[in-house]
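Colleague: Just so you know, the working numbering puts 179 at position 29 of the sequence shown, and the rest follows in order with no gaps. Even glycine gets a Cβ: it sits at the ideal position worked out from N, Cα and C. Below is the structure I would like to discuss, written out as structure tokens.
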Amino acid sequence: MKIRCKICGEYFCPGDDTLDLIAEGYISSDSVNTCDDCWDLIELSEYDLIESFSDADPGL
Ligand SMILES: [Zn+2]
Numbered sequence: 151m152k153i154r155c156k157i158c159g160e161y162f163c164p165g166d167d168t169l170d171l172i173a174e175g176y177i178s179s180d181s182v183n184t185c186d187d188c189w190d191l192i193e194l195s196e197y198d199l200i201e202s203f204s205d206a207d208p209g210l
């Protein structure tokens, strides 16, 4: 089973654990339609966001 990443559009294979959860109905494939690469990007961009907030001048 391959899932299409909603961000980059690439098809990827979710891990066995994820496939089990989908098969058992705990999660839907819609909730895992982000590939590992894009997850990394999301986490990085969230980290950047936090970083830029903490760099903001509190005196403004
Ligand atoms: Zn992706």
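CB of Cys155 to nearest heavy atom of ligand 1: below 7 Å?
Modeller: Translated into positions along the sequence shown, residue 155 becomes position 5. Judged by the Cβ position, Cys155 qualifies as a neighbour of ligand 1 at the 7 Å threshold, a heavy atom of the ligand being closer than this.
Colleague: Using 7 Å as the cut-off, classify the Cβ of Glu160 as near or not near the heavy atoms of ligand 1, replying yes or no.
Modeller: In the sequence shown, the residue the question calls residue 160 occupies position 10. Glu160 Cβ: within cutoff of ligand 1.
Colleague: Excluding five sequence neighbours on each side, which residues of the same chain lie with their C-beta closer than 8 Å to the C-beta of Asp186?
Modeller: What you label residue 186 is simply residue 36 of the sequence shown in a count that begins at 1. Phe162.
Colleague: Quick one: is the Cβ of Asp187 within less than 7 Å of any heavy atom of ligand 1?
Modeller: To locate residue 187, count along the sequence shown from 1; it is residue 37. Yes, since a heavy atom of ligand 1 falls inside the 7 Å radius drawn around the Cβ of Asp187.
Colleague: If Ile153 sits next to Ser179, beta carbons under 8 Å apart, how far is it from one beta carbon to the other, in whole angstroms?
Modeller: On the sequence shown, position 3 is the one that residue 153 refers to. On the sequence shown, position 29 is the one that residue 179 refers to. Yes, Ile153 and Ser179 are in contact; Cβ-Cβ is about 6 Å, under 8 Å.
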